[in-house]
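Which chain is which? The protein sequence lines are B and F, in order. Going by this note's numbering, the first residue of the first sequence is number 1264, and it counts up by one from there. Going by this note's numbering, the first residue of the second sequence is number 1264, and it counts up by one from there. Okay, structure first, notes after.
Number of protein chains: 2
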Amino acid sequence: MRNFEIYNPTYFVFGRDTQGRTGELVKRFGGSKVLIHYGGGSVVRSGLLRQVEESLDAAGIAHVSLGGVQPNPRSGLVYEGIDICKREGIDFLLGIGGGSAIDSAKAIAAGAVFDGDFWDIWMGEAPYANALPLGCVLTLPATGTEGSNSSVITNEKLHLKRGSSSDFNRPRFAILNPELTYTLPAWHTACGVADIMAHIIERYFTNTPDVDVSDRLCESVLQTVIKYAPVCLHEPDNYEARAAVMWAGTLAHNGQLGVGRQEDWSSHQMGHELSALYDSTHGATLSVLIPHWLRYCLPGHEMREAQFAVRVFDCEMDFEHPERTALEGIERLSAFWKSLGLPLTFAELGAKEEDIPLMAKKCKRNYGTHTGAFRPLLEEDVAAIYHMCCEK
Amino acid sequence: MRNFEIYNPTYFVFGRDTQGRTGELVKRFGGSKVLIHYGGGSVVRSGLLRQVEESLDAAGIAHVSLGGVQPNPRSGLVYEGIDICKREGIDFLLGIGGGSAIDSAKAIAAGAVFDGDFWDIWMGEAPYANALPLGCVLTLPATGTEGSNSSVITNEKLHLKRGSSSDFNRPRFAILNPELTYTLPAWHTACGVADIMAHIIERYFTNTPDVDVSDRLCESVLQTVIKYAPVCLHEPDNYEARAAVMWAGTLAHNGQLGVGRQEDWSSHQMGHELSALYDSTHGATLSVLIPHWLRYCLPGHEMREAQFAVRVFDCEMDFEHPERTALEGIERLSAFWKSLGLPLTFAELGAKEEDIPLMAKKCKRNYGTHTGAFRPLLEEDVAAIYHMCCEK
Chain B
1264 MRNFEIYNPT
1274 YFVFGRDTQG
1284 RTGELVKRFG
1294 GSKVLIHYGG
1304 GSVVRSGLLR
1314 QVEESLDAAG
1324 IAHVSLGGVQ
1334 PNPRSGLVYE
1344 GIDICKREGI
1354 DFLLGIGGGS
1364 AIDSAKAIAA
1374 GAVFDGDFWD
1384 IWMGEAPYAN
1394 ALPLGCVLTL
1404 PATGTEGSNS
1414 SVITNEKLHL
1424 KRGSSSDFNR
1434 PRFAILNPEL
1444 TYTLPAWHTA
1454 CGVADIMAHI
1464 IERYFTNTPD
1474 VDVSDRLCES
1484 VLQTVIKYAP
1494 VCLHEPDNYE
1504 ARAAVMWAGT
1514 LAHNGQLGVG
1524 RQEDWSSHQM
1534 GHELSALYDS
1544 THGATLSVLI
1554 PHWLRYCLPG
1564 HEMREAQFAV
1574 RVFDCEMDFE
1584 HPERTALEGI
1594 ERLSAFWKSL
1604 GLPLTFAELG
1614 AKEEDIPLMA
1624 KKCKRNYGTH
1634 TGAFRPLLEE
1644 DVAAIYHMCC
1654 EK
Chain F
1264 MRNFEIYNPT
1274 YFVFGRDTQG
1284 RTGELVKRFG
1294 GSKVLIHYGG
1304 GSVVRSGLLR
1314 QVEESLDAAG
1324 IAHVSLGGVQ
1334 PNPRSGLVYE
1344 GIDICKREGI
1354 DFLLGIGGGS
1364 AIDSAKAIAA
1374 GAVFDGDFWD
1384 IWMGEAPYAN
1394 ALPLGCVLTL
1404 PATGTEGSNS
1414 SVITNEKLHL
1424 KRGSSSDFNR
1434 PRFAILNPEL
1444 TYTLPAWHTA
1454 CGVADIMAHI
1464 IERYFTNTPD
1474 VDVSDRLCES
1484 VLQTVIKYAP
1494 VCLHEPDNYE
1504 ARAAVMWAGT
1514 LAHNGQLGVG
1524 RQEDWSSHQM
1534 GHELSALYDS
1544 THGATLSVLI
1554 PHWLRYCLPG
1564 HEMREAQFAV
1574 RVFDCEMDFE
1584 HPERTALEGI
1594 ERLSAFWKSL
1604 GLPLTFAELG
1614 AKEEDIPLMA
1624 KKCKRNYGTH
1634 TGAFRPLLEE
1644 DVAAIYHMCC
1654 EK
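Below, the structure written as structure tokens:
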């Protein structure tokens, strides 16, 4: 186990009807004038925005709103939010929605107290030294941003997508009401599940020895998701299934499943190139890539992949041929994702074989000579994995 | 799953040589003049106190020291610490040691900024509205106080032992270096392990349905402890084993394993009466009580106890007689604790059968008509469990 540091200061309020606690929580964490930041119409149509506003009103907290966040949130709206904060004297950000709305709110919180251009912080070219406090009301379990230190923003003018990781990005509070996820379309539910599982998988496959504690925690959260994700699709208003997946999404990405170990993240990186070129949904790029990545990494990693197969997918261990057990686990992972309606191939994703050289090159440019750590991938390895995604 | 709230704001720094970070962390969390609070000679003899002082010196942080904390920390020393804080203008508490030193530091931190008597807060008779910030350097994995909101103090004049639970008790940072536990005697290591496992067991056995996520997390941490505790005893300086148990101790009691469920805590409560009467080590009271408590609770709880047996102790499920599986799990738990040198009976603990009526009565007086929740225990149930501990 490596030395590690972990910090999770977010106050989580989880359960039915918890959005009515928003005003009280903003007050507790020092807010008096809030910018409510959200995406499209569903937050309005469902009545959630109104409930949150009523809760703020009841707590005597002033508020202004800025909607319109898109998937892969854009810097343009972030700048607009920063202007509002400075003009209106906003002292607290409130993100309502999924990862996009909350990530966008995090960037606004940073820019609102920064004299320069927030994008320089996201590019790693200016220090991240302060931010307005921020809370969130989550409606889509997937990115884990409600408990994480990260925020990913796309600069639509520069065609760049960049993430910032800083404790200033950690929400002061997060409200998680599983009931708010009942109306999620099946596709978004499934893509969220793939993202949650990927956050665990990117941590689980490591060469760091003696990480038994976090191995078992990873397996636990994966087993929970595997048990309940199909229930979410077949009974969209099953509270217990929605609750299990929602809390699993937070646990998957608040950092504790990766303590003391080298993490990988190559599948996320390869997936970002697919999203950049085809605007593919993040979770869908992961369901295509991860099984092929696991097959590509198998030589030399038979025992760890067999452990995954046995402990997560209940495969029987083949002690004579552990690689067969590992492959059986990958098959079960693919079959599980397919059962949720997720794609497994470039064809299903609408990605094209001829773009592979370009994507592999961009991957190298963005992440350095080696992508990932479990098996450090050169440009040709990345290309080979993309090619595997074109088969059958 | 029930609605829940969870808050874990402690910044954890885990690993080798991390005590050298103390000064930097005190500074980060706003301390400029520290009261270092510790127990007996081992912190001095091992050189840890000197290392911490050097780290504070290097960071330019003033400090005074107060040693002498005893197991079951006393209010007398707390009052002494409060006087020092007020007299010296202390603005940060630093607890070094196991649960006793850190719990005592928490009480001093509360009393230092309270006009009245800190004991009134611990008795629940005065509001807990503020405390000095506090950090800790842990040397004994057991109570989980390094990441918890609780502190238990004994008032030696009033013969009362009382716990306070408040977010003000949460350390700002906790330094966990497994190397610092190499020199722990086998008995303290084993009692710490029993306490860690008990913190999980008290949460695991619940009647709240649909708590799969936290069930599996509980099982994971228990499995880790069961794997590594014997290694800690046989190879006291095995870093990986000490690291696994140390981190498990924090995870067991920072609240996340109990989210969304009714917890029990009757074994802790029955154990406190044993400690009060015979000054028994806390962990040793738990290894005696828990197996008998599980046997007493079995009727009506066969399936949950069988789940524990199958998932934690790898028992084979007897689908026709799940109670046999449950009993097999209890046997394995007892055998495991016995293998660590822990007691299983009143005789080994030095407890007397004739004191049972008194202890059962005190349990009722201290915790109300019903002790616990998994099977709410009346005074006669508590007595019956104590009697079971006298058998064989």
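We treat Cβ as the ideally placed atom computed from N, Cα and C, and that holds for glycine. Values in this document were obtained by computation on a predicted structure and should not be read as measured data.
Proximity to residue 1413(F) [Cα-Cα], best of 1421(F), 1419(F), 1473(F), 1397(F):
1397(F)
Does DSSP classify residue 1607(F) as helix, strand or coil?
coil
Counting Cβ pairs closer than 8 Å, one from the region 1453 to 1469 of chain B and one from the region 1543 to 1550 of chain B, do we hit at least three?
yes
Taking only beta carbons into account, state which residues of the region 1476 to 1498 of chain B come closer than 8 Å to chain F, listed in chain order.
1476, 1479, 1480, 1482, 1483, 1484, 1486, 1487, 1490, 1491
Hey, how far is the Cα of residue 1380(B) from the Cα of residue 1354(B)?
19 Å
Please tell me whether residue 1362(B) and residue 1402(B) are closer than 8 Å, where the distance is taken between their beta carbons.
no
Can you check whether the CB of residue 1319(F) is closer than 8 Å to the CB of residue 1286(F)?
yes
Short of 9 Å Cβ to Cβ, which residues in the region 1446 to 1473 of chain F face chain B?
1472, 1473
Can you check whether the CB of residue 1314(B) is closer than 8 Å to the CB of residue 1278(B)?
no
Check whether chain B comes within 8 Å of residue 1268(F), counting only Cβ atoms and requiring the distance to be less than that.
yes
Let me see if you follow: with CB-CB separation under 8 Å, is residue 1335(B) close to chain F or not?
no
Is there a Cβ of chain B sitting closer than 8 Å to that of residue 1412(F), yes or no?
no
Is residue 1386(B) near the ligand GDP, in the sense that its beta carbon is under 7 Å from a heavy atom of that ligand?
Absent from the structure shown: the ligand GDP. Ligands present: none.
Would you say the region 1514 to 1524 of chain B touches the region 1555 to 1573 of chain B, given that touching needs at least three Cβ pairs under 8 Å?
no
Starting from residue 1443(F), trace the alpha helix (DSSP H) both ways and give me its first and last residue.
Run containing residue 1443(F): none; DSSP gives neither H nor E here.
Give the range of the alpha helix (DSSP H) segment to which residue 1287(F) is assigned.
1285 to 1291
When you check each C-beta in the region 1560 to 1572 of chain B against every C-beta of chain F, which residues fall closer than 9 Å?
none
Which term fits residue 1280(F), buried or exposed, when burial requires 16 or more other beta carbons within 10 angstroms of its beta carbon?
exposed
Along the alpha helix (DSSP H) that carries residue 1364(F), what are the first and last residues, could you check?
1362 to 1374
Output yes if chain F places a C-beta closer than 8 Å to the C-beta of residue 1313(B); else output no.
no
Alpha carbon to alpha carbon, how far is residue 1474(F) from residue 1441(B)?
14 Å
Looking at the C-beta of residue 1272(B), does it have a partner C-beta in chain F at a distance below 8 Å?
yes
Residues in the region 1498 to 1515 of chain F having any Cβ partner in chain B nearer than 7 Å:
1503, 1506, 1507, 1510, 1511
Three-state class that DSSP yields for residue 1272(B) in the structure shown
strand
For residue 1582(B), does the count of other Cβ atoms within 10 angstroms reach 16, so buried, or fall short, so exposed?
exposed
Compute the beta-carbon to beta-carbon distance between residue 1607(F) and residue 1554(F), rounded to the nearest angstrom, for a pair I have assumed lies under 8 Å.
7 Å
Measuring only between beta-carbons, confirm whether residue 1279(F) sits less than 8 Å from chain B.
yes
Integer Cβ distance of residue 1274(B) from residue 1359(B), believed to fall under 8 Å:
Rounded, the Cβ-Cβ distance is 17 Å, inconsistent with contact.
Could you tell me the alpha carbon to alpha carbon distance between residue 1628(F) and residue 1536(F), rounded to whole angstroms?
11 Å
Check the DSSP bridge columns for residue 1300(B) and list the partner residues they point to.
1329(B), 1358(B)
For residue 1430(B), count neighbouring C-beta atoms within 10 Å of its own C-beta (all shown protein chains included) and say buried if the count is 16 or more, exposed if not.
exposed
Determine the chain B residues that contact residue 1265(F) at a beta-carbon separation under 8 Å, and present them in chain order.
1278
Contacts around residue 1587(F), its chain only, beta-carbon distance under 6 Å, and the 5 residues preceding and following it disregarded
1581
Span of the beta strand (DSSP E) around residue 1324(B)
Note, residue 1324(B): premise wrong, no beta strand (DSSP E); not H, not E.
Where does residue 1584(F) land, buried or exposed, given buried means 16+ other C-beta within 10 angstroms?
exposed
At which residues does the alpha helix (DSSP H) containing residue 1395(F) begin and terminate?
Premise fails: residue 1395(F) is in no alpha helix (DSSP H) and is neither H nor E.
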